[in-house]
Amino acid sequence: MLKDVIKEEREEQDLSLSELARRCGHAVSTLHAIENGDNTNPSYRTIADICAALGLSLDELEQRIQKNKSDKLSQ
């Protein structure tokens with residue numbers, strides 16, 4: 135899921151929500167809502183900005199989301 139990939143990547147890069155918010159130009163509350171699952175349908179612009187801040191392409195994000203889905207199905 136989107137929330138899992140974003141949180142995993144942020145934590146792998148040792149970034150706080152505040153630092154990611156600063157880098158991507160969105161509010162901490164927006165990022166928190168995405169990672170928490172409260173916002174399951176963020177705008178394309180928000181996702182693109184988060185990906186850019188994390189150094190992920192949108193294709194990489196999609197691949198990781200699909201991998202997470204298939205991993206959860208196989209558990």
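When the count follows this note's numbering, it moves up by one through the sequence shown with no breaks and lands on 209 for the last residue. Using N, Cα and C, we set each Cβ at its ideal position, and we do this for glycine too.
Determine, using beta carbons only, whether residue 188 and residue 144 come nearer to each other than 8 angstroms. Counting from 1 along the sequence shown, the entry for residue 188 is found at position 54. Counting from 1 along the sequence shown, the entry for residue 144 is found at position 10. In this structure, residue 144 lies closer than 8 angstroms to residue 188 by Cβ.
What does the alpha-carbon distance come out to for the pair residue 186 and residue 147? The residue labelled residue 186 in the question sits at position 52 within the sequence shown. The residue labelled residue 147 in the question sits at position 13 within the sequence shown. Those two C-alpha atoms are separated by around 13 angstroms.
Whose C-alpha, out of 150, 160, 166 and 139, is nearest the C-alpha of residue 179? If you number the sequence shown from 1, residue 179 lands on position 45. Measuring from the Cα of residue 179, the nearest candidate turns out to be 160.
Can you give me the Cβ contacts of residue 170 inside the same chain, cut-off strictly under 8 angstroms, excluding the 5 residues immediately before and after it? Mapped onto the sequence shown, residue 170 falls at position 36. Cβ neighbours of residue 170 beyond the five flanking positions: 137.
8 angstroms Cβ cutoff met for residue 152 and residue 139: As a first step, residue 152 is located in the sequence shown; it is residue number 18 there, counting from the start. As a first step, residue 139 is located in the sequence shown; it is residue number 5 there, counting from the start. It is not a contact, given that the beta carbons lie outside the stated cut-off.
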